[in-house]
Amino acid sequence: MTDTTTASTAPAVRDTALELSRRWDAQQTGYIRHRSERFATIARVVAGVTAGIAAPRVLDLAGGTGSLGRAVLAAVPGAQVVIADKDPVLIGIARDAASGDDRITVAEVDLGRPDWMQHPQVAGASFDAVVSSTALHWLRPAVLVDVYWAVSTLLRPGGVLLNGDHLLYDARHESTLFAVAAADDQLMQTSTFGGDVDTWDQWWEAVGDEPRYADALARRAAVWGDDLRDAPPKVTLAFHLETLRSAGFSEAGTVWQYLDDHVVYGVR
Ligand SMILES: C[S@@+](CC[C@H](N)C(=O)[O-])C[C@H]1O[C@@H](n2cnc3c(N)ncnc32)[C@H](O)[C@@H]1O
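Using this note's numbering, the first residue of the sequence shown is number 184, and each one after it goes up by one.
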């Protein structure tokens, strides 16, 4: 665990990081047709739940380069946002992109480790909202359960969890929409990556061209190990909702949905 709060950085470094983050957003939208709408929905709910609070505290779990945190700040300019992520490259870009903006801090944490909540940017804080996007499917189901239980202790009563992710239809019992969603995903990827948007590999090559991130890239393989290749089993929407309820969330449901793309919420 590394304490990586926002540091002052030269404008050129910040601009490079913001450009990489913009390219990341374009690349990710190839996999998530309505990613910006998903983000705007999350930000709108955070704004509603935190109305009247001068400086609401928001935690972006597995926040990558910080895109969702910035979307929340656009809707809630007074917020204090902690972007937490395990990947040394993505969190490095998030840190550089946030340079000069004292509303954002970053925390390099592995949600798979039970001590992630002890990070100085997270420990002891009462958050008004915990948000996440396209990330928690990387956690094994047992770890996701632990993370939702942990989040329930980090949120103040009335605080909200918002998690946007693909929650796949069941291939057997929901085969019609499973096929429709899969075809739609394929269509989106084909039309996006046939143009001038980076593919996943091209984006990582672009990062490799930036000497500033060479050390973080070198560290990346060790940090991830086999987890970089081995995707954990998928869980259902029902699994998310049941876990939130059992973790003490008083309300749980879906805020927004497009095919298998969901924003799940829980109110503490
Ligand atoms: C597809 S990216 C999404 C990033 C960001 N939320 C976004 O929407 O742009 C998945 C993110 O999950 C992070 N992640 C996966 N497993 C994690 C773990 N165990 N702890 C912390 N972050 C993790 C990855 O490092 C990556 O940043």
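Using N, Cα and C, we set each Cβ at its ideal position, and we do this for glycine too. Since we're looking at a predicted model, the values are computed, not measured.
Neighbourhood of residue i by C-beta, 8 Å cutoff - its chain only, sequence neighbours within 5 removed
i           : result
residue 259 : 226, 229, 230, 233, 239 and 241
residue 357 : none
Rounded C-alpha distance that separates residue i from residue j
i           : j           : result
residue 322 : residue 418 : 10 Å
residue 187 : residue 431 : Any reading at residue 187 must be qualified, since the residue scores a pLDDT of 46, below 50, and its modelled position is unreliable; no value is offered.
residue 245 : residue 293 : 9 Å
residue 199 : residue 435 : 39 Å
residue 441 : residue 319 : 18 Å
residue 184 : residue 269 : Caution is warranted here: a pLDDT of 47 is assigned to residue 184, below 50, making its placement in the model unreliable, and no coordinate value can be reported.
residue 315 : residue 305 : 15 Å
residue 138 : residue 201 : A question about residue 138 goes unanswered here, because the residues of the chain that appear run from 184 up to 451.
residue 261 : residue 283 : 15 Å
residue 303 : residue 364 : 40 Å
residue 368 : residue 396 : 31 Å
residue 235 : residue 279 : 30 Å
residue 214 : residue 221 : 13 Å
residue 324 : residue 382 : 28 Å
residue 281 : residue 216 : 26 Å
residue 422 : residue 193 : 45 Å
residue 341 : residue 415 : 31 Å
residue 330 : residue 196 : 33 Å
residue 328 : residue 413 : 19 Å
residue 359 : residue 420 : 17 Å
residue 300 : residue 433 : 22 Å
residue 337 : residue 403 : 28 Å
residue 390 : residue 401 : 12 Å
residue 437 : residue 203 : 31 Å
Run of the beta strand (DSSP E) containing residue i, from where it starts to where it stops
i           : result
residue 291 : 287–291
residue 321 : Run containing residue 321: none; DSSP gives neither H nor E here.
residue 347 : 338–349
residue 436 : 434–441
residue 215 : Premise fails: residue 215 is in no beta strand (DSSP E) and is neither H nor E.
residue 240 : 240–244
residue 301 : Neither: residue 301 is in no beta strand (DSSP E) and is coded neither H nor E.
residue 268 : 263–268
Enclosing alpha helix (DSSP H) for residue i [first to last residue]
i           : result
residue 231 : 218–232
residue 448 : Taken as a continuous stretch (DSSP letters only), residue 448 belongs to no alpha helix (DSSP H), being part of the beta strand (DSSP E) at 444–450.
residue 279 : 271–280
residue 256 : 250–258
residue 392 : Run containing residue 392: none; DSSP gives neither H nor E here.
residue 365 : 358–376
residue 421 : 420–429
Neighbourhood of residue i by C-beta distance below 7 Å, restricted to the same chain and skipping five residues each side
i           : result
residue 295 : 322 and 326
residue 211 : 218 and 317
residue 399 : 271, 272 and 275
residue 481 : This structure cannot speak to residue 481, because the chain is shown only from 184 to 451.
residue 334 : 313 and 344
residue 443 : 349, 350, 351, 352 and 364
residue 374 : none
residue 372 : 213 and 214
residue 237 : 261
Spatial neighbours of residue i in its chain, beta-carbon cut-off 6 Å, leaving aside the 5 residues before and after
i           : result
residue 452 : Only positions 184 to 451 of the chain appear in the structure, and residue 452 is not among them; the question remains open.
residue 309 : 339
residue 277 : 248, 249, 266 and 289
residue 361 : 352 and 354
Report task. Check whether the segment 420–428 touches the segment 438–449, counting contact only when three or more Cβ pairs, one atom from each stretch, lie closer than 8 Å. Result -> Yes: at least three Cβ pairs fall under 8 Å.
Query raised in the report: Hey, is the segment 343–352 in contact with the segment 376–383, meaning 3+ C-beta pairs nearer than 8 Å?
Result: By the criterion of at least three beta-carbon pairs nearer than 8 Å, the segment 343–352 is not in contact with the segment 376–383.
Requested in this report: Assess, as a yes-or-no matter, whether the segment 241–256 is touched by the segment 404–422 under the definition of 3 or more beta carbon pairs within less than 8 Å.
Outcome: No: fewer than three Cβ pairs fall under 8 Å.
Query raised in the report: Should the segment 202–210 be regarded as contacting the segment 382–393, the criterion being three or more beta carbon pairs within less than 8 Å?
Result: Under the Cβ criterion (8 Å, minimum of three pairs), the segment 202–210 counts as touching the segment 382–393.
Requested in this report: Would you check if the segment 262–273 and the segment 286–294 touch, i.e. whether three or more CB-CB distances between them fall below 8 Å?
Outcome: At 8 Å Cβ cutoff, the stretches touch.
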